[in-house]
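I have placed the structure first, in the form of structure tokens, so that the comments after it can refer back to it.
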Amino acid sequence: MTEVLIKVGFLAIAALNGAIIFTIMDVKGASWMQRRPGPLHVGLRGFIFPLAEILKFVQKEDIIPTEVDRPVFKWAPAYVMVSCVALFAVVPMSPTLVVADLELGVFFALAISSLGTIGVLTAGWSSANKYSLMGGLRAAGQLIAYELPLILAVVGVVIQAETMSLVGIVEKQIEWGVPFVVGGQIVGFLIFMVAATAEMMRVPFDMPIGESELTMGFMTEYSGIRFLIFYISEYMNMFILCAIASTLFLGGYHVPLLPTEWVNFYGPVVLLTKTAILGFILVAIRWSQPRFREDQLQNLAWKILIPASLVNILVTAVMKVGF
Amino acid sequence: MVNALDPQNMNRFSEASVSVEIETEDMTLNIGPQHPSTHGVLRLVAKVDGEKVHDVKPVLGYMHRGYEKLAEVRSYPQITTLVNRIDWVAGFSNEIPFIAGAERLMEIEVPERAKHIRLILTEMARISSHFVFNGAYALEVGALTPIFYAMEDRERVLDLIESVTGGRFHPNFNRIGGVKPAAGAGPTSKKNIQDLPAGFYRDTKVAMEKVIQAADQFQNLIGGNEVFKKRTKNVGVLTAETAEAYGVSGPILRASGVKSDLRTQTDYLPYDQFDYDIPVGENGDCYDRWDVRVKEMVESAKIVLQAIDSMPSGPLQAKVPKVIKVPQGRTYVRAENPKGEMGYYIVSDGGLGPYRLKVRTASFSNVSILPIMLEGALLPDLIAIMGSLDFVLGDVDR
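Chains E and W are the protein sequences, given in the same order. Its first residue numbered 950, the first sequence is counted upward by one per residue in my numbering. Its first residue numbered 1358, the second sequence is counted upward by one per residue in my numbering.
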């Protein structure tokens, strides 16, 4: 029991910290790219800004409109956040520092990552607001379009690694000497990142939020701490999907040439660095790209990404059998 | 009641094909008056089927301030403060046609220098308006960064306007018969009237070079962006015939391929002395409307640079009576504002103020095209098309 509690506590704290770091990164990236002085200078050079943000949201009134489906409306943010935190359970920071090294780790991660969308959909549905509803439905449409390339992109890795455990995948990459992104999964990596961007609803695929169209999409009616939970889980999701991408494609907690016997010490640092680099790319994309249209996103998913990932699987399988 | 399991009926039912169409109802979506993308308080009542827009009705009037009626009880010099606030993004250019109309009725010949100063400031207002459009339009199609750059660049132009007129948005700088002495010019006496602040030419040259640079940057960073192209090319195509039929004017009309610019067609300001192009679009889609405006910024900057090089000397004010009374008559003066054609129809009965003032604003006519353009569009396109019209609600409702 104590062990479970410790593990859950570790998960929550690690995921929350990751989210806060990514918030800082996003805000600082924005202020850097947009020449906005505020978040670079105020409060310890902008580093305690997320704290102020959290405090601000916590003390705000939690407004629940009269027409909403109350229980659904209230629980939707928690649902989104729990699915994010649970996702982190299978990410190995080092061979031993992993909450649950599941045999079917990849399968678990992909299954859990699509659960969050249900929370988004219920939030949109229960808000009794047409904009929220459209945001929620867009999120659902996006899920269907993007879950497939996401899974198919990972299948290539699974074929190459011959295991579905995330620790096993990393060990395989150590054994190979190079991460999978160099060793033949570059297409898979790109597809995974595009699909993951859509999954975490970030620019250029942020149509479920689409603030210039749908005011705030599925979050329109949320305020106070419930909005904060959505806000944090967005960054949490980003952090965890980046961590999974680094584990699957970039060699996880290990970099080539570093001695493997010390991996328990430098593992977390290496993984977090890789995650941060991926996160920075997402931040740079967010602040420099406009938003796609919903139908363009569907076209991209069904006409380009899914065929490309199928070809990727085929090529990987042929290479695997052939060599 | 028909029993479907009765052998006699079985045959009938097996032949009946299943042809049930899912009946969907259009959802009425109120976009605005409070909405991030309606530039103020425009309200669109849209009938949408999922993402598809079937029918749009613009509802106006939330911003109506009754300026035409107010003008009837104001004197001519007082009215410039009102008309400043019609299109607040380009406040200065609203004054020009009104003042020009009053001057035409009074048969006053405005000194060349005053005309040049008016022209420079009008073009600066155009630049600042197009900067706002550039930033806001990128925001509407989902790019969050350009607005900060656009606002920063616009600030340089506004600083110049402020240094001359004392106001950033509502300069109230024109007087019947000329312009007032500049704000930053220091102490003035009747003998020694300072018109432009010290260093104005130098600052203007620097700022205009920056405007040309900024326009170039926009062309590369926004216009060259693949996602932006996907969102705007072939979206909201407006043919020249429809545009003309609806009285659409300004950059929107030019983007549809009509080379119509009141700066060359009328003589309210001495544009014929300068050398500039009129950018024209080809397809009349959102991208062209955006493109025409960016090119126009460069042309405006060129006009300003030429104007400060060829600035004539002379008085700022023509001789006007102390109490301004406009003789009986009526006139209509139109001007090429950043948003399109702006016109003032002034009816004077010889009193201190106009008997009746009718303002023809560009945005009002431009918004009238919305139901035509939005039919069958997708919801994100609705925002993209609406943004590309670049209207200001003060200009729509007056």
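Note that the Cβ used here is the ideal one computed from N, Cα and C, for glycine as well.
Query                                                                                                                                 : Result
Contacting residues, own chain, Cβ-Cβ under 8 Å from ASN1549 (chain W) (five flanking each side not counted)                          : With a pLDDT of only 49 at ASN1549 (chain W), under 50, the local geometry of the prediction cannot be trusted, and no value is derived from it.
Contacting residues, own chain, Cβ-Cβ under 7 Å from VAL1232 (chain E) (five flanking each side not counted)                          : MET974, ASP975, GLY978
Chain W residues whose Cβ lies nearer than 9 Å to that of ILE998 (chain E)                                                            : A quick correction: the sequence has Phe, not Ile, at residue 998 (chain E). Going along chain W, no residue has its Cβ under 9 Å from PHE998 (chain E), so there is no contact; the nearest lies around 18 Å.
Buried/exposed call for THR1596 (chain W), threshold 16 Cβ in 10 Å                                                                    : exposed
Cβ neighbours of LYS1472 (chain W) in the same chain (closer than 8 Å, five flanking residues each side left out)                     : LEU1626, PRO1627
For MET1384 (chain W), the first and last residue of its enclosing beta strand (DSSP E)                                               : 1384-1388
Cross-strand partners of PRO1415 (chain W) (DSSP beta bridge)                                                                         : W:LEU1401
Exposed unless 16 or more other CB atoms sit within 10 angstroms - verdict on LEU1246 (chain E)                                       : buried
Partners in chain E for THR1502 (chain W), counting only beta-carbon separations shorter than 7 Å                                     : MET982, GLN983, TRP1236, SER1237
Endpoints, alpha helix (DSSP H) assigned at THR1146 (chain E)                                                                         : 1135-1148
is_contact[VAL1080 (chain E), chain W] using C-beta, thresh 9 Å                                                                       : Sequence check: residue 1080 (chain E) is Tyr here, not Val. Chain W, which has a Cβ nearer than 9 Å to the Cβ of TYR1080 (chain E), makes this yes.
Nearest neighbour of VAL1594 (chain W), chosen from W:TYR1433, W:PRO1728, W:ARG1431, W:LYS1414 [CA to CA]                             : W:PRO1728
Which of helix, strand or coil DSSP assigns to LEU1163 (chain E)                                                                      : helix
First and last residue of the uninterrupted alpha helix (DSSP H) at VAL1031 (chain E)                                                 : 1019-1036
Length of the line joining the Cα atoms of VAL1637 (chain W) and SER1195 (chain E)                                                    : 49 Å
Backbone CA spacing between LEU1750 (chain W) and SER1722 (chain W) [nearest angstrom]                                                : 12 Å
Selection from W:LYS1652, W:ILE1609, W:ARG1513, W:GLN1630 that minimises the alpha carbon distance to GLY1641 (chain W)               : W:ILE1609
The region 1488-1522 of chain W: positions lying closer than 8 Å to chain E by Cβ                                                     : ALA1495, LEU1496, GLU1497, VAL1498, GLY1499, ALA1500, LEU1501, THR1502, PHE1505, TYR1506, GLU1509
PHE998 (chain E) vs TYR1184 (chain E) beta-carbon contact at 9 Å                                                                      : no
Nearest-angstrom Cα separation, counted from ILE1123 (chain E) out to PRO1204 (chain E)                                               : Reading the sequence as shown, one finds Val at residue 1204 (chain E) and not Pro. Cα-Cα distance, rounded: 8 Å.
Ordered list of beta strand (DSSP E) runs contained in the region 1677-1738 of chain W, each at least 3 residues                      : 1686-1694, 1697-1705, 1713-1717
Boundaries of the alpha helix (DSSP H) in which GLY1534 (chain W) is found, first to last residue                                     : Per DSSP, GLY1534 (chain W) belongs to no alpha helix (DSSP H) and is neither H nor E.
Neighbour-count burial assignment, ALA1500 (chain W), 16 or more Cβ in a 10 Å radius                                                  : buried
Top-ranked residue by Cα proximity to ALA1058 (chain E), from E:PHE1241, E:VAL1104, E:ALA1077, E:THR1164                              : E:VAL1104
Buried versus exposed call for ASP1618 (chain W) [16 or more other C-beta atoms within 10 Å across all chains shown]                  : buried
Buried or exposed by the 16-neighbour rule on C-beta atoms within 10 Å, applied to VAL1605 (chain W)                                  : buried
Cut-off 8 Å between Cβ atoms - residues of its own chain near VAL1267 (chain E), not counting five sequence neighbours on either side : none
Distance between ALA1564 (chain W) and LEU1101 (chain E) (C-alpha atoms, nearest Å)                                                   : 53 Å
Ranges of the beta strand (DSSP E) found wholly within the region 1237-1262 of chain E, counting only runs of at least 3              : none
Bounding residues of the alpha helix (DSSP H) (the contiguous stretch that carries LYS1567 (chain W))                                 : 1557-1575
Check whether TYR1424 (chain W) and VAL1716 (chain W) have beta carbons under 9 Å apart                                               : yes
Residue-chain proximity (VAL1152 (chain E), chain W), Cβ-Cβ < 9 Å                                                                     : yes
Simplified DSSP state of ASP1618 (chain W), which is helix, strand or coil                                                            : coil
Beta bridge counterpart(s) of ASN1409 (chain W) as assigned by DSSP                                                                   : It is Lys, not Asn, that sits at residue 1409 (chain W) in the sequence shown. The partner list for LYS1409 (chain W) (beta bridge, DSSP) reads W:ASP1406, W:LEU1735.
Spatial distance of VAL1048 (chain E) from THR1112 (chain E) (CA atoms)                                                               : 18 Å
Per-residue burial, PHE1330 (chain E) [other beta carbons within 10 Å of its own, 16 or more giving buried]                           : Outside the displayed span of chain E (950 to 1272) sits residue 1330 (chain E), for which this structure offers no information.
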